[in-house]
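Novice: Pasting in a structure now, in structure tokens, and then I'll have a few things to ask.
4 protein chains.
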Amino acid sequence: MVDLRRTDLAIESRELYKSDSGREVPGVEVDQEKLENITITRVNIFDPQGSMTMGKPMGNYITLEIPDMRMGTPEFNHYVSRILSIELNRLMRRFPIHNVLVVGLGNWNVTPDALGPKVVSRVVVTRHVFEFAPEEVKPGMLSVSAIAPGVLGITGIETADIIKGVVDRIKPDLIVAIDALASRSTARVASTIQISDTGVSPGAGIGNRRTALDYSTLGIPVIALGIPTVVDAATMANDTIDLLIDSLIKATPQNSQFYQLLKDLNRDEKYSLIKEVISPYDNLMVTPKEIDEMIDDMAGIVAEGINIALHSNMYQ
Amino acid sequence: MVDLRRTDLAIESRELYKSDSGREVPGVEVDQEKLENITITRVNIFDPQGSMTMGKPMGNYITLEIPDMRMGTPEFNHYVSRILSIELNRLMRRFPIHNVLVVGLGNWNVTPDALGPKVVSRVVVTRHVFEFAPEEVKPGMLSVSAIAPGVLGITGIETADIIKGVVDRIKPDLIVAIDALASRSTARVASTIQISDTGVSPGAGIGNRRTALDYSTLGIPVIALGIPTVVDAATMANDTIDLLIDSLIKATPQNSQFYQLLKDLNRDEKYSLIKEVISPYDNLMVTPKEIDEMIDDMAGIVAEGINIALHSNMYQ
Amino acid sequence: MVDLRRTDLAIESRELYKSDSGREVPGVEVDQEKLENITITRVNIFDPQGSMTMGKPMGNYITLEIPDMRMGTPEFNHYVSRILSIELNRLMRRFPIHNVLVVGLGNWNVTPDALGPKVVSRVVVTRHVFEFAPEEVKPGMLSVSAIAPGVLGITGIETADIIKGVVDRIKPDLIVAIDALASRSTARVASTIQISDTGVSPGAGIGNRRTALDYSTLGIPVIALGIPTVVDAATMANDTIDLLIDSLIKATPQNSQFYQLLKDLNRDEKYSLIKEVISPYDNLMVTPKEIDEMIDDMAGIVAEGINIALHSNMYQ
Amino acid sequence: MVDLRRTDLAIESRELYKSDSGREVPGVEVDQEKLENITITRVNIFDPQGSMTMGKPMGNYITLEIPDMRMGTPEFNHYVSRILSIELNRLMRRFPIHNVLVVGLGNWNVTPDALGPKVVSRVVVTRHVFEFAPEEVKPGMLSVSAIAPGVLGITGIETADIIKGVVDRIKPDLIVAIDALASRSTARVASTIQISDTGVSPGAGIGNRRTALDYSTLGIPVIALGIPTVVDAATMANDTIDLLIDSLIKATPQNSQFYQLLKDLNRDEKYSLIKEVISPYDNLMVTPKEIDEMIDDMAGIVAEGINIALHSNMYQ
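Chains as they are written, first to last, in the numbering used here: chain A, 3 to 318; chain B, 3 to 318; chain C, 3 to 318; chain D, 3 to 318.
Here it is in structure tokens:
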């Protein structure tokens, strides 16, 4: 059975823990900064207990919450790109980088999963200049390449295998991997960007990626950048049921038998109860009606953020 | 509040009634034919009581249930087009038609709503031959034109106003209107085609169309052809809750207080209870992950079905 | 035979005349303004002789030459939108306007012809607010609607018929019609915007539009906005031959028989000579390799220019 | 300067030679078969002299000329797929194959170059079944994978480097590489399919691919499948000039000085003469106006042809 508590977002893992336990996750440091229309939360999972509790590898997770990203005036998107580039550099510039590979994960034929490939189309690549026209290389210029490897269902090849093959040949010293994520919350869709230095965990997002893209599998650091573009339909069904039970509990006299019964429904019982309920939704996704336009806008924001971070000399 | 019992499909209205009441809807005749991999159900709402009970105008509704339409080998799609053309002609050929306008409703920027515009792109039009090259008109040829009027949110104009304007100028004697529908059931998405001779009812489908396209507003018969491409997220939330309550009822001793409480939850109470639950899903839709490809395939099937029905001489 | 001297651009007609005759076109006033990276040429055809010479209706033609539009940083595009909005208002604001209909001409299935439909998708429409939520209308707000009528080959209906039908129902007092144009010159493609107050002339652009959209056919003023997105392949073949003959003339001793022969090739002889040469290119178009991206960028620039011009209160 | 005699199609090389020399190319064997609406020409370049004369590697080139492929009824396309699968098997089945990698060359953002990536989306892949669900492998099933590596301008990485990286990891024993080609002739666009067992030569097609994909670089046989989707604008300018000179020669008295001058224009002089003429067309391409639809249709035909050839057991 699908783990209905799973989420790609570190801040959601933390919220789940805090709302269950009433306290901060042990082994985790959190710091928050509020800019105009953007809230930045930096979560550092610094010990194995934190990692286990959060269900995520140790490392840094930076989340930008940007409710207005869905509206998208060109000026506002440009502002988001600048802020994003600063946070990206916070993670990237701790490594000595000369040769960066941008990887756009996801399926270009499925609109909400096409974020990565669309970013790849707009990232400014320079690696071929180093190779074929070295006289045009300018001081401070990074070698940047980009690839959209596709998904297992289209290629028949694990994404990690394609990336390893390319990494073995072109020897980058850093990967930036872009991915569309699934969120627990409809409010986060198209309004949250998460970047982390821990790579892409297996099973993430919409697709079916099994082997992780991270330092342990690729031998170089992997910065992951993700934006929730869908809510999983099964997750949504589960959340609906949680909300209903909460409502029923509130509406029921505390000493009644019904109240007690609802309270006694523990998570496992509830799950087995609704297992059958959610099964028809397994291959479905929940997205905003305007997702096609949103994906284009967000790909533009992310690509510009990466371009500024990697080619700062072009934007001065 | 949204009417959570509303459905675009006559066979769903009938099922809801039958499962509530245990009997056939009065004022409605139903006939079923089973072909290889296609079940055809023909519902005739023949009196006002039937119309009221079904929440649909009097007239004929033909539904093709085609579970394999999602898989779509070219041969199978072609077979579906042929069957569809026969059922279309069953409704169309009772009118003396010379001049047919195909209307592709929906928003070409929203994948699951783009069915109608995509069909328009593939329908064979001939009206301009009559107008500009009458010497090329062959015996038995119908004058066919086609338009994709867009949606209110993009045009600022009611769809009915655009269609009326065009009808006033080009004077067709029949309209065939294609539309993406919302279904109550995830199983119906991309596997059911409904055609009817009652026009397109207001508020249908994904978009926001207020004035009906039918004989009363346009002065000519309107054949509607619809395929469910989404499940409304609010409907899905409601159905999940219904399923949960049913499960709880089954799992509860019949003489317990809890059982009685669940049984006593009438529809209105339940709705007001979950009203708040579903509000975040108002602007969301639930679709299959492969919806982009499915829409292309279905547009091909429908366009070919219409082409065969209208230009039978081309296909002999 | 196609008129190989035809061009959609007034400044090209003028250049052809000036290079043939060595003087300014009689009946035509020209004024030029140079901004940073944009040259604005305002041509006023003020008498019938000017109209005949130019092969264009009397009226105002404003051309923005923007070589850098092809490169398109977001900032530069935004600057172009602002300048465009000022020139649009120069033509539009001489009419008392309350209710504007934006018409996106062209075929959304043919990339270089999809400019108009793409602009329609991005124009901010407000007419439905006036109709359905008048309490939200703010002072100074214009009623704006938009339609992409398609092309004759897809609809079977003349574009002018669709527009007339819609105009009869919604009674706008001004039309702004967007169209992809054909240019004589490859240098103009995706780098020139022409706006005029004379409507859209028949036979313009890539498609096949026969009846004009202008004051005489629609009863309201029509502002036309066009951008060259293709060079006609036949035109290109002709220009190649002109260039070759010029080269041959230069390379030939002035008193030779060959020189005389080349000089004596008058336009008609040359045309009948090359008529056969160009016939295979009749259904071809010549476009930049990056046309898909360029069309998206230009649709964004034009839509924003129109939005600023029509909804100036939104942008202050 | 671009080699204006270059062509991707072996039958065009042969035609050029035959029309220049009046005889068959030495070192080349040609065999032709005429089916209903399809002419199949099989060219075998069997010695180094043939290879030099043709400007192509030694090996087999099979060309299907299909004038009706542009019209594309579903039935006809299906017939073409069947014929294509037979010719593909003629080249492929001489190798003992177990594990095939399909490579879709080209840029998915440039419509006429998107053929390869679109085919990849529709090829049935099975390699992951062997890897993750070996119990579902059926007798006779081939392991098929597919990748669309992108183009140098988007990735910054040579296509051959990406393919080599992937080949090193997944060890296929045959590659089938799909590519959009440039043709000398407008008549061939979207109506000719060439398959060969010699791999993809450098510099082919629309993109800029430098290192060959063939046995010598990859260590496994490479079947190349190409369809012309554009005419290079510079080639077209050159052909126009050739046609003009021919016309001038015909129209000129044989003993005149002009006639002699035209006759004396040898290829080199002519090229340097027109070098300047064609320079503005360097970044342009010439395509049919309906190219978007054509690419979709052809991707369907090719993918189905490959699927039948590789998964013959699925189609019995």
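Just so you know, even glycine gets a beta-carbon here, dropped at the ideal spot from N, CA and C.
1) Just verifying my parser: in three-state terms, what is the DSSP assignment at residue 256 of chain A?
2) Using the DSSP secondary-structure output, state which residues sit across from residue 41 of chain C in a beta bridge.
3) Do you know offhand how far residue 159 of chain D's Cα is from residue 107 of chain D's?
4) Name the chain B residues that come within less than 9 Å of residue 10 of chain A, Cβ to Cβ?
5) Compile a chain-ordered list of the residues in the region 53 to 81 of chain A whose CB is closer than 9 Å to at least one CB of chain C.
6) Compare the Cα-Cα distances from residue 288 of chain C to each of C:189, C:252, C:244 and report the closest residue.
7) Just to make sure I have the definition right: I need the residues of chain D whose C-beta is within less than 7 Å of the C-beta of residue 111 of chain A. Which are they?
8) Does residue 50 of chain D pass the burial test, meaning 16 or more other C-beta atoms within 10 Å, or should it be called exposed?
9) Determine the chain B residues that contact residue 157 of chain C at a beta-carbon separation under 7 Å, and present them in chain order.
10) Grab the span of the beta strand (DSSP E) containing residue 149 of chain D for me, first residue to last.
11) Write down the C-beta distance between residue 202 of chain D and residue 184 of chain D rounded to the nearest angstrom, noting that I regard them as a contact closer than 8 Å.
12) Would you report the Cα separation of residue 170 of chain A and residue 197 of chain C, rounded to the nearest angstrom?
13) Classify residue 209 of chain D as buried or exposed, calling it buried when 16 or more other Cβ atoms lie within 10 Å of its own Cβ.
14) Kindly indicate which three-state DSSP category residue 313 of chain B falls into: helix, strand or coil?
15) In whole angstroms, what separates the C-alpha of residue 299 of chain C from that of residue 40 of chain D?
16) Is residue 223 of chain A helix, strand or coil when you go by DSSP?
17) For the beta strand (DSSP E) containing residue 60 of chain D, name the first residue and the last one.
18) Verify the CB distance criterion: does residue 299 of chain A have a CB-CB separation below 8 Å to chain D?
19) Output needed in chain order: residues of the region 224 to 241 of chain C with a Cβ under 7 Å from some Cβ in chain D.
20) Using the rule of at least 16 other Cβ atoms within 10 Å of the residue's Cβ for burial, across every protein chain shown, is residue 26 of chain A buried or exposed?
21) Measure the C-alpha to C-alpha separation of residue 248 of chain D and residue 241 of chain D and round it to an integer number of angstroms.
22) Could you tell me how far apart the beta carbons of residue 231 of chain A and residue 117 of chain A are, in whole angstroms, since I believe they sit closer than 8 Å?
23) Residues in its own chain within less than 6 Å of residue 43 of chain A by CB, not counting five upstream and five downstream?
24) Taking buried to mean at least 16 other C-beta atoms within 10 Å of its own C-beta, is residue 137 of chain A buried or exposed?
25) Figure out for me which residue from D:29, D:193, D:94 has the closest Cα to the Cα of residue 310 of chain D.
26) Three-state secondary structure (DSSP) at residue 109 of chain B?
27) Using a 10 Å radius around the Cβ and a threshold of 16 neighbouring Cβ atoms, would you call residue 302 of chain D buried or exposed?
28) Give a yes or no on whether the C-beta atoms belonging to residue 164 of chain B and residue 103 of chain B are separated by under 8 Å.
29) In three-state DSSP terms, what is residue 178 of chain A?
30) Using a C-beta cutoff of 8 Å, does residue 304 of chain D count as contacting chain A?
31) Less than 6 Å between C-beta atoms, sequence neighbours within five positions excluded: which residues of the same chain meet that for residue 124 of chain A?
32) Give the single residue among C:139, C:105, C:187 whose Cα lies nearest to the Cα of residue 234 of chain C.
33) My output table needs one value for residue 290 of chain D: the three-state DSSP class, helix, strand or coil.
34) Closer than 7 Å, Cβ to Cβ, to anything on chain F: give me those residues from the region 166 to 184 of chain A, in chain order.
35) Hey, is residue 163 of chain B's beta-carbon within less than 8 Å of any beta-carbon in chain C?
36) Can you list, in chain order, the residues of its chain with a C-beta nearer than 8 Å to that of residue 52 of chain A? Leave out the 5 residues immediately preceding and following it.
Specialist: Inspection of the coordinates gives the following:
1) Position 254 of the first sequence, counted from the first residue, corresponds to residue 256 of chain A. The answer is coil: DSSP assigns residue 256 of chain A none of H, G, I, E or B.
2) Along the third sequence, one-based indexing puts residue 41 of chain C at 39. C:36, C:67.
3) Against the fourth sequence, residue 159 of chain D aligns to sequence position 157. Against the fourth sequence, residue 107 of chain D aligns to sequence position 105. Each residue's Cα considered, the two are about 13 Å apart.
4) Here the question's residue 10 of chain A lines up with position 8 in the first sequence. Going along chain B, no residue has its Cβ under 9 Å from residue 10 of chain A, so there is no contact; the nearest lies around 17 Å.
5) 76, 77, 79, 80
6) Indexing the third sequence from 1 puts residue 288 of chain C at position 286. Comparing Cα positions, the closest option is C:189.
7) As a first step, residue 111 of chain A must be located in the first sequence, where it is residue number 109. Correct list: 123.
8) Locating residue 50 of chain D in the fourth sequence gives position 48, where the first residue counts as 1. The residue is exposed, with fewer than 16 neighbouring Cβ atoms inside 10 Å.
9) Counting from 1 along the third sequence, the entry for residue 157 of chain C is found at position 155. The answer, in chain order, is 127, 147, 148, 149.
10) As a first step, residue 149 of chain D must be located in the fourth sequence, where it is residue number 147. Unbroken beta strand (DSSP E) run through residue 149 of chain D: 145 to 149.
11) Along the fourth sequence, one-based indexing puts residue 202 of chain D at 200. Along the fourth sequence, one-based indexing puts residue 184 of chain D at 182. That pair is no contact at about 13 Å.
12) Here residue 170 of chain A refers to the residue found at position 168 of the first sequence. Here residue 197 of chain C refers to the residue found at position 195 of the third sequence. Those two C-alpha atoms are separated by around 54 Å.
13) Numbered from 1 along the fourth sequence, position 207 holds the residue referred to as residue 209 of chain D. Residue placement at residue 209 of chain D is poorly supported in this model, since its pLDDT is 44, which falls under 50; the coordinates still yield a value, given next. It is buried - the Cβ of residue 209 of chain D has at least 16 other Cβ atoms within 10 Å.
14) Here residue 313 of chain B refers to the residue found at position 311 of the second sequence. Residue 313 of chain B falls in the coil class under three-state DSSP.
15) Mapped onto the third sequence, residue 299 of chain C falls at position 297. Mapped onto the fourth sequence, residue 40 of chain D falls at position 38. Those two C-alpha atoms are separated by around 41 Å.
16) Counting from one through the first sequence, the residue named residue 223 of chain A turns up at place 221. Residue state, collapsed to three classes: coil.
17) Looking up residue 60 of chain D in the fourth sequence gives position 58. Premise fails: residue 60 of chain D is in no beta strand (DSSP E) and is neither H nor E.
18) By 1-based counting over the first sequence, the position of residue 299 of chain A is 297. No - not a single Cβ of chain D is within 8 Å of the one on residue 299 of chain A.
19) 235, 239
20) For the purposes of this step, residue 26 of chain A is identified with residue 24 of the first sequence, where counting begins at 1. Exposed, because fewer than 16 other Cβ atoms sit within 10 Å of the Cβ of residue 26 of chain A.
21) In the fourth sequence, the residue the question calls residue 248 of chain D occupies position 246. In the fourth sequence, the residue the question calls residue 241 of chain D occupies position 239. So the two alpha carbons sit approximately 11 Å from each other.
22) As a working note, residue 231 of chain A is residue 229 in the first sequence. As a working note, residue 117 of chain A is residue 115 in the first sequence. Confirmed, about 6 Å.
23) The residue labelled residue 43 of chain A in the question sits at position 41 within the first sequence. Same-chain partners within the cutoff: 13, 34, 65.
24) As a working mapping, residue 137 of chain A is identified with position 135 in the first sequence. Residue 137 of chain A is exposed by the Cβ-count criterion.
25) The count along the fourth sequence starts at 1 and reaches residue 310 of chain D at position 308. Ranking the options by Cα distance to residue 310 of chain D, first place goes to D:94.
26) Here residue 109 of chain B refers to the residue found at position 107 of the second sequence. Residue 109 of chain B falls in the coil class under three-state DSSP.
27) In the fourth sequence, counting from the first residue as 1, residue 302 of chain D sits at position 300. By the 10 Å Cβ count, residue 302 of chain D comes out buried.
28) Here residue 164 of chain B is taken as the residue at index 162 of the second sequence, counted from 1. Here residue 103 of chain B is taken as the residue at index 101 of the second sequence, counted from 1. No, these two residues do not count as a Cβ contact at 8 Å.
29) Translated into the one-based positions of the first sequence, residue 178 of chain A becomes position 176. Reduced to three states, the DSSP call for residue 178 of chain A is strand.
30) Sequence index remark: in the fourth sequence, residue 304 of chain D carries index 302 (1-based). Cβ-Cβ to chain A under 8 Å: no for residue 304 of chain D.
31) Here residue 124 of chain A corresponds to residue number 122 of the first sequence, with the count starting at 1. Contacts found: 305.
32) Working through the third sequence from its first residue, we reach residue 234 of chain C at position 232. Cα-wise, what sits closest to residue 234 of chain C is C:187.
33) As a working note, residue 290 of chain D is residue 288 in the fourth sequence. Correct three-state label for residue 290 of chain D: strand.
34) Within the model displayed, chain F is absent; protein chains A, B, C and D are what it includes.
35) Taking the first residue of the second sequence as 1, we reach residue 163 of chain B at position 161. Yes, residue 163 of chain B lies at the interface with chain C (some Cβ there is under 8 Å from its Cβ).
36) Residue 52 of chain A sits at position 50 when you count from the first residue of the first sequence. Excluding positions up to five away in sequence, the list reads 27, 28, 29, 30, 60.
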